[in-house]
Each structure stands twice: as C-alpha cells, then as structure tokens.
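Chemist: Before we start, here is the structure in question, set down as structure tokens.
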Amino acid sequence: MNKTHVIEHLRFALEAQLQNAKAAAKAAHDAATHEESVAETQYDTLGLEAAYLAQGQAERVNECYRDIQAFNTVFKESEFNKVREGALVCLIDEQDNAKWFFMGPSAGGLVVTVKEQPIYVVTREAPLGKQLIGKSLDDEVELSIAGNIQLYIIDHLI
0 MNKTHVIEHL
10 RFALEAQLQN
20 AKAAAKAAHD
30 AATHEESVAE
40 TQYDTLGLEA
50 AYLAQGQAER
60 VNECYRDIQA
70 FNTVFKESEF
80 NKVREGALVC
90 LIDEQDNAKW
100 FFMGPSAGGL
110 VVTVKEQPIY
120 VVTREAPLGK
130 QLIGKSLDDE
140 VELSIAGNIQ
150 LYIIDHLI
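Count the sequence shown with numbering that gives the first Met the number 0 and you get residues 0 to 157, in order.
Here it is, written out as structure tokens:
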C-alpha cells in the first residue's frame, strides 16, 4: 500500500466534505434569510428553525476546516515503529483477511478507496483506536464486536 496515495485520497475526501458542508451552510443561510421565513404569527417558528439549522451548518464548516488542519499536521509524519496518529495500519484477522486503517486525529468513520482497497479512518477515541495506539508490528489486537471477540495481527505499519 502506498501511503502517499492514501494521503492524497484522504485530502480529497476531506476537501469534498468541506465543499458539501459549505453548500449545506449556504442553503440553510438562504432559507433562514428568505422572505418566506419571516414569522407571520407568534407561533410561526419556521424562521427560527431555519436560523438554528444555518448555525449548525456553519459549525459543520468550521469542523471541516479543523479536520483538514489536524490531518495536515499528521500527514507530515513519516516514520512509525508504534501506532499513533498518522499511521497507516494493516490488520490481518484469523482468516487472513486484511483491513487497512489510517489513524486520524478526527473524521473517524471516513472511508477512502485506494486501488479498490477501502481505508478506514479511525481515531484514538474509537474502540479499535484505543486498542491500536502504542502497538507495534506483529502485535495482537483484540476487539469485541457484538459480543464476539475478534483477534487481529498488525501486519503492516507505515
């Protein structure tokens, strides 16, 4: 797996999230300031609801900017002998199935595909992230999923 390609895909995905958030924030702002949003009675809350939505969408835009800034910091790291933010990790399960993870500072759950291989962003707050932080190549990771214990071996650490 080429980490440079993974980083390029992550940058693109984070930028796409930002653009989507900006579009949603603009649409919410337009709705909040539209003449039809002006309250006609004391019980008419359409304008107030639109304003709350616009505020939430604006916060989402700020969150996207923070994600991009945080990722830019960890993208600069290149040498890893233990799993930490910025590491690209391949886990092998007991059936020799490989799964790739990028330890991100945020944006947990983001998935990018590189050469038909999904790469999952996991943060240190996630159950898997808690298990991975500080581990080394060939270490075992034990994760309980729906009451079943899954064992993994760290096969690659980039």
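Glycine included, each C-beta is placed from N, C-alpha and C at the ideal position.
Can you tell which of Asn61, Ser143 and Asn1 has the C-alpha that lies nearest to the C-alpha of Lys21?
Modeler: Asn61
Chemist: Suppose only complete runs of 3+ residues qualify. What are the beta strand (DSSP E) ranges in the region 80 to 155, listed by chain order?
Modeler: 87 to 92, 97 to 102, 110 to 113, 116 to 121 and 139 to 144
Chemist: Determine the burial state of Asp29: buried for a count of at least 16 other Cβ atoms within 10 Å of its Cβ, exposed for fewer.
Modeler: exposed
Chemist: Can you tell me whether Lys75 is helix, strand or coil according to DSSP?
Modeler: coil
Chemist: Using alpha carbons as the reference points, say which of Tyr64, Leu87, Ile144 and Arg123 lies closest to Asp154.
Modeler: Closest option to Asp154, Cα to Cα, is Leu87.
Chemist: Could you have a look at His28 and say whether DSSP puts it in helix, strand or coil?
Modeler: helix
Chemist: Does DSSP classify His4 as helix, strand or coil?
Modeler: helix
Chemist: Quick one: using the 10 Å Cβ neighbour count with 16 as the cut-off for buried, is Gly85 buried or exposed?
Modeler: buried
Chemist: Label Asp137 either buried or exposed according to how many other C-beta atoms from any shown protein chain fall within 10 Å of its C-beta, with 16 as the threshold for buried.
Modeler: exposed
Chemist: Using the rule of at least 16 other Cβ atoms within 10 Å of the residue's Cβ for burial, across every protein chain shown, is Ser143 buried or exposed?
Modeler: exposed
Chemist: Take Cys89 and list the residues in its own chain whose beta-carbon comes closer than 6 Å to its own, dropping the five residues that flank it on each side.
Modeler: Excluding sequence neighbours, Cys89 sits near Ala97, Trp99, Asp154 and His155.
Chemist: Give me the Cβ distance between Cys63 and Gln16, rounded to the nearest whole Å; I'm assuming they're in contact under 8 Å.
Modeler: 5 Å
Chemist: Put Ile157 into one of helix, strand or coil per three-state DSSP.
Modeler: coil
Chemist: Looking only at C-alpha atoms, which of Lys2, Val113, Ala23 and Glu141 sits nearest to Asn92?
Modeler: A quick correction: the sequence has Asp, not Asn, at residue 92. Out of Lys2, Val113, Ala23 and Glu141, Glu141 has the C-alpha closest to the C-alpha of Asp92.
Chemist: For Leu131, tell me which candidate among Glu58, His4 and Asn80 has the shortest Cα-Cα distance.
Modeler: Asn80
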